[in-house]
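> Residue numbers (this note's numbering): 1202 to 1315.
#1: Using 8 Å for Cβ pairs, my map puts residue 1310 next to residue 1212. What's the rounded Cβ distance?
#2: Quick one: what's got a C-beta closer than 8 Å to residue 1217's C-beta in the same chain, skipping five residues either side?
#3: Residue 1256: buried (16+ other C-beta within 10 angstroms of its C-beta) or exposed?
#4: Report yes if the C-beta distance between residue 1319 and residue 1231 is below 7 Å; otherwise report no.
#5: Report the three-state DSSP secondary structure of residue 1277 (helix, strand or coil).
#6: What residue range does the alpha helix (DSSP H) around residue 1208 cover?
#7: Going by beta-carbon coordinates alone, are residue 1239 and residue 1282 separated by less than 7 Å?
#8: Between which residues of its own chain and residue 1284 is the CB-CB distance below 7 Å, once the five residues before and five after are set aside?
#9: Comparing alpha-carbon positions, which option in 1295, 1301, 1204 lies nearest residue 1235?
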């Protein structure tokens, strides 16, 4: 296991936001050292939280269309890394919109990953 794989395993085990979210966090990201493109979105939505697959929702369909990238290429972590600003779905606010990604992910993990 290389250093990046070990770090991603550590990120996926992170539960620091459990109390803030009110549900079990599920960090969703993928990367390999060979990836030549990094996609950094905001945070996973509810569908991605359920599936564990990044951008597996209508916004992902739109993004793949904009990039003119097929599904297989998009999800090939050796080619495209997907590292959002917040690794877990942050839940909804009082108006029913997704909350913004908490800054804790960037503060703790991003420098180590990037």
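All residues carry an ideal CB built from backbone N, CA and C; glycine is no exception.
To lay it out plainly:
#1: Here the question's residue 1310 lines up with position 109 in the chain shown. Here the question's residue 1212 lines up with position 11 in the chain shown. Indeed they touch by this definition, with Cβ atoms about 6 Å apart.
#2: Here residue 1217 corresponds to residue number 16 of the chain shown, with the count starting at 1. 1226, 1305, 1309.
#3: Translated into positions along the chain shown, residue 1256 becomes position 55. Label assigned to residue 1256: buried.
#4: Coverage of the chain is limited to positions 1202 through 1315, which leaves residue 1319 absent and any answer about it impossible.
#5: Here residue 1277 corresponds to residue number 76 of the chain shown, with the count starting at 1. Note: residue 1277 maps to coil in three-state DSSP.
#6: In the chain shown, counting from the first residue as 1, residue 1208 sits at position 7. Note, residue 1208: alpha helix (DSSP H), 1204-1213.
#7: For the purposes of this step, residue 1239 is taken as the residue at position 38 of the chain shown. For the purposes of this step, residue 1282 is taken as the residue at position 81 of the chain shown. Yes, these two residues count as a Cβ contact at 7 Å.
#8: As a first step, residue 1284 is located in the chain shown; it is residue number 83 there, counting from the start. Contacts found: 1230, 1232, 1239, 1241, 1314.
#9: Stepping through the chain shown from its first residue, residue 1235 is reached at position 34. Selected option, being the one with the closest Cα: 1204.
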